[in-house]
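Numbering (our numbering), first residue to last: 1299 to 1431.
A virtual CB, placed ideally from N, CA and C, is assigned to each residue, including glycine.
I have placed the structure first, in the form of structure tokens, so that the comments after it can refer back to it.
Here it is in structure tokens:
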């Protein structure tokens, strides 16, 4: 990842640049590691960006990947994710990352290993994720 230069690139453009060179057609754990390393590298190249941390970059990129996957699912009467559902889900993941940062930084909680933002998506009472709107 250190060979990629994402300096001064918008996040979506940098992510497309990565995907052109490194297709994400592996198992989910490998994709997760790639996204995590991408987020770290993007943050290293753009430390003054408005995202605030590599964790927030990770949450947004993971959300973009889920949106792309949703777009290309061709199973029966699958309802595509709406713009409002995408924004709601992404903001939920970002809030989870920011809340964790606040807990660790301001409350003096011990440093914990970052859990993947994708696991931060809340489930509805029906057991389906909010993504399934």
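Q: From the DSSP output, in three-state form, read off residue 1366 for me.
A: Taking the first residue of the chain shown as position 1, residue 1366 is located at position 68. Three-state result, residue 1366: helix.
Q) Buried or exposed: where does residue 1448 fall if 16 or more other Cβ atoms within 10 Å of its Cβ makes it buried? A) This structure does not reach residue 1448, given that the chain is present from 1299 up to 1431, and the question cannot be answered.
Q. Quick one: what's got a C-beta closer than 8 Å to residue 1339's C-beta in the same chain, skipping five residues either side?
A. By one-based count along the chain shown, residue 1339 stands at place 41. So the list reads 1299, 1300, 1302, 1304, once near-sequence residues are dropped.
(Q) Between 1347, 1357, 1348, 1346, which has its C-alpha nearest residue 1335's C-alpha? (A) Along the chain shown, one-based indexing puts residue 1335 at 37. Nearest of 1347, 1357, 1348, 1346 to residue 1335, Cα basis: 1357.
Q: State the start and end residues of the unbroken alpha helix (DSSP H) segment that holds residue 1326.
A: As a working note, residue 1326 is residue 28 in the chain shown. In this chain, the alpha helix (DSSP H) harbouring residue 1326 covers 1326-1343.
Q: Compare the Cα-Cα distances from residue 1396 to each of 1349, 1369, 1360, 1384 and report the closest residue.
A: Counted from its first residue, the chain shown places residue 1396 at position 98. The shortest Cα separation from residue 1396 among 1349, 1369, 1360, 1384 belongs to 1349.
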